[in-house]
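In the order they appear, the protein sequences are chains S and F.
Residues 0 to 84 (numbering that gives the first Met the number 0) make up the first sequence, in order.
Residues 0 to 260 (numbering that gives the first Met the number 0) make up the second sequence, in order.
Idealized CB from N, CA, C, for every residue including glycine.
Everything below concerns the one structure shown next.
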Amino acid sequence: MCLCGTKAKKLPVLASRAFSSSARQLKNKVPEAQKLFQEDNGLPVHIKGGTGDMMLYRATMTLTIAGTCYSLYWLLMASMPQKKA
Amino acid sequence: MAHQAHAYHMVDPSPWPLTGAIAALLMTSGLAVWFHFHSTTLMILGTILLLLTMFQWWRDVVREGTFQGHHTPPVQKGLRYGMILFITSEVFFFLGFFWAFYHSSLAPTPELGGCWPPTGITTLDPFEVPLLNTAVLLASGVTVTWAHHSIMEGERKQAIQSLALTIALGFYFTFLQAMEYYEAPFTIADGVYGSTFFVATGFHGLHVIIGSMFLAVCLLRQIHFHFTSEHHFGFEAAAWYWHFVDVVWLFLYISIYWWGS
């Protein structure tokens, strides 16, 4: 909580604790998320969340392409006749 | 910015159907590579890709519904139809295994001793852990209904508690069933009794784990204020799936554990 600019008035410690003691209170961040994902920037939903989205997408696509090539490699291996010793 | 003149959801282009399809390819061909060449790399790669696809695809559905407002009433209706059709397909999946069980148990062959349970099989006592498991799942059906009413009435804390309790009961069932599997006096290799028992109850256990995961995601979403008292279809879908898992268990218990013992 930012108190910069205000006169230094000593507040009792208890007064700054506004939430229940049973569990930590989470703030409702849905409105912020709604603003982020409704921004008119032309981005598709799967990368609209930020850099993390792009990194995860790139990692996934890399695995997709690498995996496809790897499966084709095994297909080639499996289709070649066994060399008899 | 272009606006649509209808209430339906025209989705953004997405890479997840492709990555999901490739994941299926890698998992299946990976299975064959494991069998023939003793290498599990391809199969594991496929599984990782599947998990990445599921996470990002469903993350995007949450974004589209909760953050972008695309889940209008007609769209939600479509999602409801979709979930019902999916659960129906799962019902047919289990029907097959029940068919296999009844095929073998209603007319036991001479090789089995002409009786069911077959000669030499020590069955599990249906009134011990299996009965406890029945009580656990039935109780979880009550708690998930409690969670639903809490959400509808805007009771945030109660919704979180009852949903957490439902998940805990699900984990308890899985734990008890794992213990039973370990202690069972017969294995999957013990003739048709073992096959039908472990395949039917095994797939059921997998669905309990899937259902628990679905409910856990709903718990996280409830904690993060995603659900409103009027609109919480993700939770309803999870609850329907959970009730389905419970009903399958009841059929398993009556048929395999009780009648089949």
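DSSP on residue i, reduced to helix/strand/coil?
i: P30/S; result: helix
i: I21/F; result: helix
i: S104/F; result: helix
i: M54/S; result: helix
i: N132/F; result: helix
i: T87/F; result: helix
i: M212/F; result: helix
i: V143/F; result: helix
i: P109/F; result: helix
i: T173/F; result: helix
i: A163/F; result: helix
i: A77/S; result: helix
i: F224/F; result: coil
i: P72/F; result: helix
i: P16/F; result: helix
i: W115/F; result: coil
i: H8/F; result: coil
i: H203/F; result: helix
i: T27/F; result: helix
i: W257/F; result: helix
i: L123/F; result: coil
i: H35/F; result: helix
i: Q157/F; result: helix
i: I187/F; result: coil
i: H272/F; result: Nothing can be reported for residue 272/F: it is not among the residues displayed for chain F, which extend from 0 to 260.
i: L25/S; result: coil
i: E229/F; result: coil
i: G77/F; result: helix
How far does the alpha helix (DSSP H) with residue i in it reach, from first residue to last?
i: K47/S; result: That residue, K47/S, is in no alpha helix (DSSP H); it is neither H nor E in DSSP.
i: Q37/S; result: Neither: Q37/S is in no alpha helix (DSSP H) and is coded neither H nor E.
i: I47/F; result: T40 to V61
i: F232/F; result: F232 to L251
Is residue j closer than 8 Å to residue i when the C-beta atoms are compared?
i: L175/F; j: V216/F; result: no
i: P72/F; j: Y256/F; result: no
i: Q33/S; j: F226/F; result: no
i: L214/F; j: W241/F; result: yes
i: G190/F; j: L111/F; result: yes
i: P184/F; j: T144/F; result: no
i: T195/F; j: F100/F; result: yes
i: S38/F; j: I150/F; result: no
i: A261/F; j: M82/F; result: Absent from the structure is residue 261/F, since the part of chain F shown begins at 0 and ends at 260.
i: A199/F; j: L168/F; result: no
i: F202/F; j: N27/S; result: no
i: G66/S; j: L25/F; result: yes
Excluding sequence positions up to five away, which residues of its chain have a Cβ less than 7 Å from the Cβ of residue i?
i: H261/F; result: This structure leaves residue 261/F out entirely; chain F is present only between 0 and 260.
i: L84/F; result: none
i: L25/S; result: none
i: I208/F; result: T173
i: D39/S; result: none
i: A146/F; result: A158, S161, L162 and T165
i: T118/F; result: L111 and G112
Give the C-beta separation of residue i and residue j to the nearest angstrom, bearing in mind that I take them to be a contact with Cβ-Cβ under 8 Å.
i: Y69/S; j: P14/F; result: Contact doesn't hold; Cβ gap of about 19 Å is too wide.
i: L136/F; j: W248/F; result: 5 Å
i: I47/F; j: L62/S; result: 7 Å
i: V44/S; j: R62/F; result: 5 Å
i: S211/F; j: I159/F; result: Actually they are not in contact, since the Cβ atoms of S211/F and I159/F sit about 16 Å apart, beyond 8 Å.
i: S254/F; j: F36/F; result: In fact, because the Cβ distance is near 40 Å, the residues do not count as touching under 8 Å.
i: Y180/F; j: P116/F; result: At roughly 18 Å, the Cβ-Cβ gap does not stay under 8 Å, so Y180/F and P116/F are not in contact.
i: G45/F; j: A31/F; result: Between A31/F and G45/F the Cβ distance is about 11 Å, and since that is not below 8 Å, they are no contact.
i: F232/F; j: Q55/F; result: With 8 Å as the limit, F232/F and Q55/F do not qualify as a contact, their Cβ atoms being about 20 Å apart.
Going along the chain, which residues of its own chain have a beta-carbon closer than 6 Å to the beta-carbon of residue i, five neighbours each way excluded?
i: L164/F; result: T142
i: N132/F; result: F172 and L175
i: W33/F; result: T39 and M42
i: G19/F; result: T52
i: C3/S; result: Unreliable placement is indicated for C3/S, whose pLDDT of 47 sits below 50; no coordinate value is reported for it.
i: L49/F; result: A22
i: G64/F; result: H70
Taking 8 Å as the limit between beta carbons, can you name the residues of its chain near residue i, skipping five residues before and five after?
i: G140/F; result: W241, H242 and D245
i: Q3/F; result: M9
i: R58/F; result: none
i: I86/F; result: W239, Y240 and F243
i: K47/S; result: L35, F36, E38 and N40
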